[in-house]
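*Asks:*
2 protein chains.
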Amino acid sequence: MAICYQPPVKPICVRPSTTFSSASKSPSLRCNFSLPFTTQIREPEPILVSVKAFAPATVANLGPGFDFLGCAVDGLGDFVSISVDPNVHPGQISISHVFGDASSKLSKNPNWNCAGIAAIEVMKMLGIRSVGLSLSLEKGLPLGSGLGSSAASAAASAVAVNEIFGGRLGPEELVLAGLKSEEKVSGYHADNVAPAIMGGFVLVRNYEPLELMRLNFPAEKDLFFVLVSPDFEAPTKKMRAALPGEIGMAHHVWNCSQAGALVASVLQGDLVGLGKALSADKIVEPRRAPLIPGMEAVKKAAIEAGAFGCTISGAGPTAVAVIDSEEMGKRIAESMVEAFWRVGNLKAVKAVKKLDRVGARLVS
Amino acid sequence: MAICYQPPVKPICVRPSTTFSSASKSPSLRCNFSLPFTTQIREPEPILVSVKAFAPATVANLGPGFDFLGCAVDGLGDFVSISVDPNVHPGQISISHVFGDASSKLSKNPNWNCAGIAAIEVMKMLGIRSVGLSLSLEKGLPLGSGLGSSAASAAASAVAVNEIFGGRLGPEELVLAGLKSEEKVSGYHADNVAPAIMGGFVLVRNYEPLELMRLNFPAEKDLFFVLVSPDFEAPTKKMRAALPGEIGMAHHVWNCSQAGALVASVLQGDLVGLGKALSADKIVEPRRAPLIPGMEAVKKAAIEAGAFGCTISGAGPTAVAVIDSEEMGKRIAESMVEAFWRVGNLKAVKAVKKLDRVGARLVS
């Protein structure tokens with residue numbers, strides 16, 4: 001999709017990094033930067049005065065899908081409200097409020113806040129120079145939980161700003177905006193922010209240029225995530241430092257085949273196969289699980305309670321299991337919470353949530 | 001599928017390794033060995049006096065699908081004829097003829113011939129002790145070409161023996177029989193013999209127990225392989241020795257994501273995506289291509305001529321490209337042959353063949 005600024009308002013000069021082309025009809029999305037330096041396009045006007053967007057939590061890595069696969073989880077996430085604000089300098093954004101348990105840990109400087117960074121990036125992409133915006137962030141997700149907290153803020157914010165100006169950017173451009181935020185916070189990885197924006201399962205195929213593949217889990221099938229978050233800090237940096245620098249060929253082939261099986265299971269709606277692949281990582285999980293007290297026992301408890309598979313969500317400490325029934329999910333969650341307490345001496349909170357198939361969206 | 005020997009003839013004692021259970025209705029096939037040592041089952045009688053089976057060539061590895069993914073190619077392959085022969089000692093097999101260009105290099109000792117090894121294994125699985133068989137092998141595939149020559153002989157033979165006794169073994173059991181042959185010839189890898197028996201694309205998910213996933217390429221879409229085999233020897237051992245022992249994390253993640261994209265492209269019938277993934281291996285192909293004179297230029301020529309992707313077939317030296325039209329395939333083949341000659345100073349033979357969706361089958 002090439003961006004065509006239809007209703008001419010004010011001519012502005014757009015740099016290459018603000019323009020895109022992509023094949024948005026295909027399940028594979030791609031972004032190229034192709035317009036010449038001096039292309040004249042028009043700054044869009046706001047079509048709404050105020051919007052509120054929601055973006056879901058995400059489970060990245062998914063075992064053998066390490067660093068390239070993620071999916072969205074319904075009913076958990078962040079909200080971002082954006083208003084046109086004449087008191088804010090045109091072309092800039094101001095963060096008015098940050099609500100939620102994690103609010104005290106978050107900066108209100110938009111250059112150091114995920115929602116702020118993504119909003120600024122979308123404004124740049126759209127070429128907004130005449131309108132100032134005010135942003136309010138409502139954190140529904142805890143920080144550093146392994147549930148894509150930073151990505152959810154960025155995704156909600158990117159969608160909100162885009163929608164206030166008529167929704168001219170496609171999902172892939174919004175992912176690029178979100179990536180600017182992720183880059184500052186946890187590294188240039190799209191496996192949280194892509195599913196947070198696009199919903200469902202997303203495979204990150206390439207970064208140069210960005211290429212994303214939607215993996216459609218069949219609509220007629222149910223998929224529930226059992227999410228159990230212990231009261232434990234697992235900083236992404238530390239969890240990344242635990243990874244091996246080099247991987248033996250046998251383990252590489254094994255994980256590749258499990259990644260292939262995981263992708264096939266998602267597309268075929270084979271939950272048993274999905275769970276088995278999720279559990280089968282021989283490279284990342286074996287290094288990270290020992291750093292989260294009780295994690296190995298929690299995985300064992302989940303499987304024994306009937307889960308199809310279990311692994312670490314993102315960089316942890318949340319454990320994620322998959323199942324096809326909410327009722328079963330609740331029983332599995334109980335077992336996992338119990339195991340965190342019994343073996344890891346950690347209190348944990350639980351949730352059983354469906355796959356989110358929509359991604360970030362306006363809620364008002 | 002449990003094996004039920006229905007028409008009782010002669011009671012025999014079956015060892016565990018001759019019995020199987022599997023979920024053959026699922027796209028994921030699995031073999032377990034579960035019957036106790038002393039189970040009494042019946043030796044089946046031949047229902048035919050003579051059969052002839054064909055098994056197709058196969059392309060294994062498929063770039064990032066290294067060592068776990070393969071597919072079958074129609075119109076190229078080996079034929080095996082099997083006859084009940086009262087002159088052969090009961091329970092044994094004798095190789096009467098080996099035809100074809102490669103025949104002089106192949107042993108007629110069934111213990112050292114791929115077709116013989118697989119036939120013996122199927123006879124063991126079925127518990128054949130009262131009937132002797134005579135085998136004739138017609139090699140359609142050259143040896144050491146990277147087109148699954150040994151697997152085709154084993155697959156055709158396994159299917160032929162199974163069918164002469166009523167076809168009681170399922171595809172997964174036949175793959176296990178073929179694996180016994182592959183183990184002796186080129187290593188315990190099922191990525192040739194599984195698609196040679198099952199047809200289409202097959203993902204080898206596990207060996208202990210053997211688990212195979214069929215990946216159905218949409219029936220309504222065409223997929224052509226352009227196969228160009230230079231006059232050059234690329235021994236599997238040498239090609240395997242060229243592989244890196246350790247792989248950096250960045251390359252591991254890249255290849256895993258491309259493997260996922262490859263699997264998704266197959267299932268979605270996305271030939272452009274399939275070709276791109278096929279071409280994207282950063283681990284195996286970069287080590288092996290320089291050992292085949294002209295290979296890098298051949299790949300470049302294929303892409304420039306319009307191929308969606310190109311890589312080394314199996315361990316080489318055949319180059320394989322993919323395209324959706326036979327006409328285009330022929331033009332691409334010309335370019336590849338020309339590049340092998342121009343850059344590698346190698347003569348090469350070409351073929352443009354469809355995906356084989358059936359696998360090994362009786363032809364008379």
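These protein sequence lines map, in sequence, to chains A and B.
So for the first sequence, UniProt numbering puts the first residue at 1; every next one is plus one.
So for the second sequence, UniProt numbering puts the first residue at 1; every next one is plus one.
Heads up, the beta-carbon is just placed ideally off N, CA and C, and yes, glycines get one too.
Flag serine 257 of chain B as yes if its beta-carbon sits less than 9 Å from any beta-carbon of chain A, otherwise no.
*Replies:* Start at 1 with the first residue of the second sequence, and residue 257 of chain B comes out as number 257. Chain A contact via Cβ: present.
*Asks:* Might you give, ordered along the chain, the residues of its own chain that have their beta carbon closer than 8 Å to the beta carbon of arginine 331 of chain B, omitting 5 neighbours on each side?
*Replies:* Taking the second sequence and counting its residues from 1, the one referred to as residue 331 of chain B is at position 331. Here the set comprises Ala305, Gly306.
*Asks:* Quick check: is the beta carbon of histidine 252 of chain A nearer than 9 Å to any beta carbon in chain B?
*Replies:* The count along the first sequence starts at 1 and reaches residue 252 of chain A at position 252. Yes, histidine 252 of chain A counts as interfacial toward chain B.
*Asks:* Thinking C-alpha only, which one of A:Ala321, A:Leu215, A:Leu262 is nearest arginine 357 of chain A?
*Replies:* Locating residue 357 of chain A in the first sequence gives position 357, where the first residue counts as 1. That would be A:Leu215, whose Cα lies nearest to the Cα of arginine 357 of chain A.
*Asks:* Who are the neighbours of leucine 203 of chain A on chain B, taking C-beta pairs under 8 Å?
*Replies:* Here residue 203 of chain A corresponds to residue number 203 of the first sequence, with the count starting at 1. Those are Ser257, Gly260, Ala261, Ala264, listed as they occur along chain B.
*Asks:* Counting only runs of 3+ residues fully inside the region 75-150 of chain A, write out the beta strand (DSSP E) ranges in chain order.
*Replies:* For the region 75-150 of chain A, whole beta strand (DSSP E) runs of length 3 or above, ordered along the chain, are 93-99, 133-138.
*Asks:* Using a Cβ-Cβ cut-off of less than 8 Å, list which residues of the region 63-82 of chain A approach chain B; keep chain order.
*Replies:* Residues Pro64, Gly65, Phe66, Asp67, Phe68, Leu69.
*Asks:* Give the C-beta separation of aspartate 74 of chain A and lysine 353 of chain A to the nearest angstrom, bearing in mind that I take them to be a contact with Cβ-Cβ under 8 Å.
*Replies:* The sequence position of residue 74 of chain A within the first sequence is 74, counting from 1. The sequence position of residue 353 of chain A within the first sequence is 353, counting from 1. Between lysine 353 of chain A and aspartate 74 of chain A the Cβ distance is about 6 Å, and since that is below 8 Å, they are a contact.
*Asks:* Thinking C-alpha only, which one of B:Ala194, B:Val185, B:Ala177 is nearest asparagine 113 of chain B?
*Replies:* On the second sequence, position 113 is the one that residue 113 of chain B refers to. Of B:Ala194, B:Val185, B:Ala177, the residue nearest in Cα terms is B:Val185.
*Asks:* Kindly indicate which three-state DSSP category glutamate 173 of chain B falls into: helix, strand or coil?
*Replies:* Position 173 of the second sequence, counted from the start, is the residue given in the question as residue 173 of chain B. DSSP places glutamate 173 of chain B in helix when its eight states are reduced to three.
*Asks:* Skipping 5 residues on each side, what residues in its chain have a beta carbon closer than 8 Å to that of leucine 147 of chain B?
*Replies:* For this step, residue 147 of chain B is matched to residue 147 along the second sequence. Ala57, Thr58, Val59, Val73, Leu76, Leu141, Leu227, Ser229, Ser313, Gly314, Thr318.
*Asks:* Give me the chain B residues within the contact set of leucine 137 of chain A, using Cβ-Cβ distance strictly less than 9 Å, ordered along the chain.
*Replies:* Stepping through the first sequence from its first residue, residue 137 of chain A is reached at position 137. Correct list: empty, because the minimum Cβ distance to chain B is about 31 Å.
*Asks:* Which stretch, first to last residue, makes up the alpha helix (DSSP H) that contains glycine 273 of chain B?
*Replies:* In the second sequence, counting from the first residue as 1, residue 273 of chain B sits at position 273. Where glycine 273 of chain B is concerned, the enclosing alpha helix (DSSP H) stretches over 271-278.
*Asks:* Identify which residue in A:Pro171, A:Met328, A:Ser145, A:Ile292 has its Cα closest to the Cα of alanine 194 of chain A.
*Replies:* Against the first sequence, residue 194 of chain A aligns to sequence position 194. Among A:Pro171, A:Met328, A:Ser145, A:Ile292, the Cα nearest to that of alanine 194 of chain A is on A:Pro171.
*Asks:* Please classify valine 358 of chain A: does DSSP put it in a helix, a strand, or coil?
*Replies:* Reading the first sequence from its first residue, position 358 is the one you call residue 358 of chain A. In the structure shown, valine 358 of chain A sits in coil (DSSP, three-state: anything other than H, G, I, E or B).
*Asks:* When the cut-off is 9 Å and only beta carbons count, does methionine 213 of chain A lie next to chain B?
*Replies:* Sequence index remark: in the first sequence, residue 213 of chain A carries index 213 (1-based). By this cut-off, methionine 213 of chain A is an interface position.
*Asks:* Thinking C-beta only, is valine 266 of chain A closer than 9 Å to phenylalanine 201 of chain A?
*Replies:* Your numbering for residue 201 of chain A matches position 201 in the first sequence. Your numbering for residue 266 of chain A matches position 266 in the first sequence. It is a contact, given that the beta carbons lie within the stated cut-off.
*Asks:* For glutamine 258 of chain A versus arginine 287 of chain B, is the C-beta spacing smaller than 9 Å?
*Replies:* Taking the first residue of the first sequence as position 1, residue 258 of chain A is located at position 258. Taking the first residue of the second sequence as position 1, residue 287 of chain B is located at position 287. No, these two residues do not count as a Cβ contact at 9 Å.
*Asks:* Do we get a CB-CB distance below 9 Å when we pair glycine 127 of chain A with the residues of chain B?
*Replies:* Along the first sequence, read from residue 1 onward, the residue named residue 127 of chain A stands at position 127. No, glycine 127 of chain A lies away from the interface with chain B (no Cβ there is under 9 Å from its Cβ).
*Asks:* Taking 9 Å as the threshold (C-beta atoms), are alanine 160 of chain B and glycine 178 of chain B in contact?
*Replies:* Translated into the one-based positions of the second sequence, residue 178 of chain B becomes position 178. Translated into the one-based positions of the second sequence, residue 160 of chain B becomes position 160. No, the pair does not count as a contact, with Cβ atoms beyond the cut-off.
*Asks:* Can you find a CB in chain A that lies within less than 9 Å of the CB of leucine 243 of chain B?
*Replies:* The residue labelled residue 243 of chain B in the question sits at position 243 within the second sequence. Yes, contact with chain A.
*Asks:* Over the uninterrupted beta strand (DSSP E) stretch that includes proline 56 of chain A, give me the two end residues.
*Replies:* The residue labelled residue 56 of chain A in the question sits at position 56 within the first sequence. That run of the beta strand (DSSP E) goes 50-60.
*Asks:* Over the uninterrupted alpha helix (DSSP H) stretch that includes proline 195 of chain B, give me the two end residues.
*Replies:* The count along the second sequence starts at 1 and reaches residue 195 of chain B at position 195. Proline 195 of chain B -> alpha helix (DSSP H) spans 193-198.
*Asks:* Would you tell me roughly how many angstroms separate the C-alpha atoms of lysine 52 of chain B and serine 81 of chain B, rounded to the nearest one?
*Replies:* Within the second sequence, residue 52 of chain B is the residue found at index 52, counting from 1. Within the second sequence, residue 81 of chain B is the residue found at index 81, counting from 1. If you take the alpha carbons of lysine 52 of chain B and serine 81 of chain B, they lie about 4 Å apart.
*Asks:* Just tell me which of B:Ala301, B:Ala196, B:Asp85, B:Trp341 has its CA closest to the CA of glycine 70 of chain B.
*Replies:* The sequence position of residue 70 of chain B within the second sequence is 70, counting from 1. It is B:Ala196.
*Asks:* Suppose you measure from the CA of glutamate 220 of chain A to the CA of glutamate 296 of chain A; what does that come to, to the nearest Å?
*Replies:* As a first step, residue 220 of chain A is located in the first sequence; it is residue number 220 there, counting from the start. As a first step, residue 296 of chain A is located in the first sequence; it is residue number 296 there, counting from the start. Looking at the two C-alpha atoms, the distance is approximately 33 Å.
*Asks:* Does the distance from the CB of lysine 139 of chain A to the CB of aspartate 78 of chain A come in under 9 Å?
*Replies:* Along the first sequence, one-based indexing puts residue 139 of chain A at 139. Along the first sequence, one-based indexing puts residue 78 of chain A at 78. It is a contact, given that the beta carbons lie within the stated cut-off.
*Asks:* On the CB-based measure, 16 or more other CB atoms within 10 Å of its CB, does aspartate 270 of chain B come out buried or exposed?
*Replies:* By 1-based counting over the second sequence, the position of residue 270 of chain B is 270. Buried: at least 16 other Cβ atoms inside 10 Å.
*Asks:* Could one say the Cβ of tyrosine 188 of chain A lies closer than 9 Å to chain B's Cβ atoms, at least one of them?
*Replies:* For this step, residue 188 of chain A is matched to residue 188 along the first sequence. Not one chain B Cβ lies under 9 Å of tyrosine 188 of chain A.
*Asks:* If you compare alpha carbons, which of A:Phe66, A:Ala55, A:Asp85, A:Asp67 is closest to serine 48 of chain A?
*Replies:* Position 48 of the first sequence, counted from the start, is the residue given in the question as residue 48 of chain A. Note on residue identity: the sequence assigns leucine, not serine, to residue 48 of chain A. Answer by Cα proximity: A:Asp85.
*Asks:* Going by DSSP, which residues form a beta bridge with proline 230 of chain A?
*Replies:* Position 230 of the first sequence, counting from 1, holds the residue named residue 230 of chain A. Answer by DSSP bridge pairing, in chain order: A:Ala348.
*Asks:* Could you check the C-alpha separation between glycine 260 of chain A and lysine 238 of chain B for me, to the nearest Å?
*Replies:* The sequence position of residue 260 of chain A within the first sequence is 260, counting from 1. The sequence position of residue 238 of chain B within the second sequence is 238, counting from 1. So the alpha carbons of these two residues sit roughly 27 Å apart.
*Asks:* Classify phenylalanine 364 of chain B: buried if its beta carbon has 16 or more other beta carbons within 10 angstroms, exposed otherwise.
*Replies:* Within the second sequence, numbered from 1, the residue matching residue 364 of chain B stands at position 364. According to the sequence shown, residue 364 of chain B is serine rather than phenylalanine. When all chains shown are included, serine 364 of chain B counts as exposed.
*Asks:* Chain B beta carbons: is any one of them nearer than 9 Å to that of leucine 48 of chain A?
*Replies:* For the purposes of this step, residue 48 of chain A is taken as residue 48 along the first sequence, with counting starting at 1. No, no contact with chain B.
*Asks:* Against chain B, with Cβ distances strictly below 9 Å, would leucine 267 of chain A count as a contact?
*Replies:* Here the question's residue 267 of chain A lines up with position 267 in the first sequence. Closer than 9 Å: yes.
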